[in-house]
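Novice: Take any residue in the sequence shown, note its place counting from 1, add 42, and you have its number in our numbering.
Supplied in C-alpha cells, the structure appears directly below.
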Amino acid sequence: MSIQLVIKSIGFIINTIKFVATVRDLLADDAGKTIVLQSDFEHVIRAQNAKFFVTIKVSELEGIRNQFYDATLPTVTNSNNITSAELQPNGALGQLFILLSGHIDIVKRGLDSLVGVFQAHGKDLQIDDLVYSQFLLIRLYGLLLHMHSTYATLHRIQVGASSLDDPRLSYDTRTIIHYINSIQSALPWLNEYTWQRRSDTIGPLKMKYDPGGLLTPPTREWSFTDTYSSLPSTDPAYSLLVLPNRYWEKTQAQGEATRNQHTTKVKKRYEAVASGYVQQLMKDLGSLLAAMQTRLRRQEGVTECPEPDDGIPDVSPLSTNDESGAAGVEGQGEPNVEESGALETLSDVSELKYLPLSTAA
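Okay, structure coming up:
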C-alpha cells in the first residue's frame, strides 16, 4: 500500500481530531485499508541484525490493529444514539471503551520501543531498512491517533460534554499534544539520520595521476563513486539508487560540479521516496498542534496567551555538500488553528455531533 495513501488517511484522521464531526467520520476515509503494519515489519526484521527486533511484539501490534479496524471502529460507527450510560463499565459498550483504552497504551509502548531500537541500533541497519522503518512509524502513529480520536469521541459522550471547551476533556487534549510531540521528536530524527547514512555513501573526489611516457603527456583524472546499493527485498519504488553511480572528470572543478549534481539528484530521490512525506506529515501535525493548544487554553480558561508555535520541526532534508537542495512538498496551506463550533446540545442524541479523531511501502 502506497505511503502516499497512508499520509492521505492520516490527513483525514487529523481533520477529525480538529473539528466537530459525526461518529461516522471516525472512519477517516476508510483508513483501515491503508494503515497496515505487517509489510513494513517483515522488511525491517529481515535485516542482518534482526535480533534487535525480536523484542518487538509484532503479532500483538498487528492483532490490536486488526481488532480496532475489524471490530471496535465498525461497532462505534454503526451505532446510533450512543448514550453516556452505554459507555459506563456495566453498559453495552463499557467493555469496548475499556479495551480500547488499554490497546492504546500497548500501541504507544510498542512505538516507544521501536523508536528506542532505531536510536540505539540504527547504525546496524541497512539504509533501505531505515526507509521502511520510517514508513512503519508513520503507520503506527496514524493508528495511534485514530484509536485515540475514537476514544476521545466516546469519552466526550460518556462525560456528557456539550462543548469542545469542556474542562473535563483537557486530559484528552493534552494526550493528543503529547502524541504530536512524540512524533515530532522521533520521525524527523530518523528521517535526518537515514539521509546522513545515504549521503555518506557518496564517496569523496579522488585524483588519479598518470605520469605518461615518452610519447604521452602526464594526465590527471578526478573520480568518485556512490557505493549505495538496494537490498534485494526492496521495492524499486522505494530504492534510493541513482545511476550512473561512478564518474570520471578531467579537472577537479568538473569533478566537484559533477559530485554536487549527483548529490542533488540523490537528495531529490530521497525526498520523493521518504522525506517529502515526512515534511507533509509534520506540517499537518503542526496545524493540529496549534489547534490543540488553542483548545486547551479554552478548556483551562486561559484567555490571554502568546500565539502558539506552529510545531513544525525542520525536516527539509538535511545537510549535504550541495546547497541547492530539493524543493519541499508543495501545495501545503498555512496551518489553520481555527476550530468549528462546539456542540450545542446533547439533548437530541440522534443529531449529536462529536469531537472525533483520527499509513508505505
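Quick reminder that beta carbons are idealized off the backbone N, C-alpha and C, glycines included.
1) Only counting the same chain, and skipping five residues up and downstream in sequence, which positions put a Cβ closer than 6 Å to that of T261?
2) For the alpha helix (DSSP H) containing D214, name the first residue and the last one.
3) What is the DSSP secondary structure of Y183, counted as helix, strand or coil?
4) Measuring straight from C-alpha to C-alpha, what distance separates K292 and W264?
5) Alpha carbon to alpha carbon, how far is M189 from G318?
6) Can you say whether D147 is buried or exposed, counting buried as having 16 or more other CB atoms within 10 angstroms of its CB?
7) Put T261 into one of helix, strand or coil per three-state DSSP.
8) Am I right that I106 and Y270 are in contact with their C-beta atoms under 8 Å? What's the rounded C-beta distance?
9) Can you give the Cα-Cα distance for W290 and S241, rounded to whole angstroms?
10) Which residues in the same chain as R340 place their Cβ atom closer than 8 Å to its Cβ, once the five residues preceding and following it in sequence are excluded?
11) With the cut-off set at 7 Å, would you say Q322 and I45 are in Cβ contact?
12) Let me know the secondary structure DSSP gives T269 once reduced to three states.
13) Please tell me whether L247 and R301 are closer than 7 Å, where the distance is taken between their beta carbons.
14) Have a look at P286, I56, F160, I244 and flag the residue whose alpha-carbon is nearest the alpha-carbon of P230.
15) With 16 other CB atoms within 10 Å as the buried threshold, where does H220 fall?
16) What's the gap between the Cα of G53 and the Cα of S224?
17) Which of helix, strand or coil does DSSP assign to E104?
18) For A127, tell me which candidate among D326, T243, Q200, R288 has the shortest Cα-Cα distance.
19) Could you tell me if M334 is buried or exposed, where buried requires 16 or more neighbouring beta carbons within 10 angstroms of its beta carbon?
20) Please return the same chain residues whose Cβ sits closer than 8 Å to the Cβ of D268, not counting the five positions on each side in sequence.
21) From this set, R181, N57, P116, which residue's C-alpha is nearest S329's C-alpha?
22) Looking at the secondary structure, which residues open and close the beta strand (DSSP E) in which Y251 lies?
23) Can you tell me where the beta strand (DSSP E) with Y312 in it begins and where it stops?
24) How would you call M249, buried or exposed, if buried means at least 16 neighbouring beta carbons within 10 angstroms?
25) Provide the residue(s) that pair with D289 in DSSP beta bridges, ordered along the chain.
26) Name the DSSP beta bridge partners of I244, please?
Specialist: Answer, in terms of the structure:
1) Result list for T261: D252, in chain order.
2) Residues 212–241.
3) Y183 falls in the helix class under three-state DSSP.
4) Going from the Cα of K292 to the Cα of W264 covers about 6 Å.
5) Answer to the nearest angstrom: the Cα atoms are 25 Å apart.
6) With fewer than 16 Cβ atoms within 10 Å of its Cβ, D147 is classed as exposed.
7) In the structure shown, T261 sits in a strand (DSSP, three-state: E or B).
8) About 35 Å separates the Cβ atoms of I106 and Y270, ruling out a contact at the 8 Å cut-off.
9) Taking the straight line joining both Cα atoms gives about 19 Å.
10) Same-chain partners within the cutoff: L206, D207.
11) Judged by beta-carbon spacing, I45 lies beyond the 7 Å limit of Q322, meaning their Cβ atoms are not closer than that value.
12) Coil at T269, not helix or strand.
13) A contact, by the Cβ cut-off of 7 Å.
14) When each option's Cα is compared against that of P230, the closest is F160.
15) Classification of H220: exposed, given that the 10 Å Cβ count is below 16.
16) Looking at the backbone, the Cα of G53 and that of S224 are separated by about 18 Å.
17) The DSSP-derived three-state label of E104 is helix.
18) Just measuring C-alpha positions, the residue of D326, T243, Q200, R288 sitting nearest A127 is Q200.
19) M334 is buried by the Cβ-count criterion.
20) Excluding residues within five positions, the ones whose Cβ falls inside 8 Å are T243, I244, G245, V284, N287, R288, H304, V308.
21) Sorting R181, N57, P116 by C-alpha distance to the C-alpha of S329 places N57 at the top.
22) Per DSSP, Y251 belongs to the beta strand (DSSP E) from 248–252.
23) Boundaries around Y312 are those of the alpha helix (DSSP H), 294–312, since no beta strand (DSSP E) includes it.
24) Taking a 10 Å sphere around the C-beta of M249, we find fewer than 16 other C-beta atoms and assign the residue as exposed.
25) Per the sequence shown, residue 289 should be read as Tyr rather than Asp. Paired residue(s): F266.
26) According to DSSP, I244 bridges with D268.
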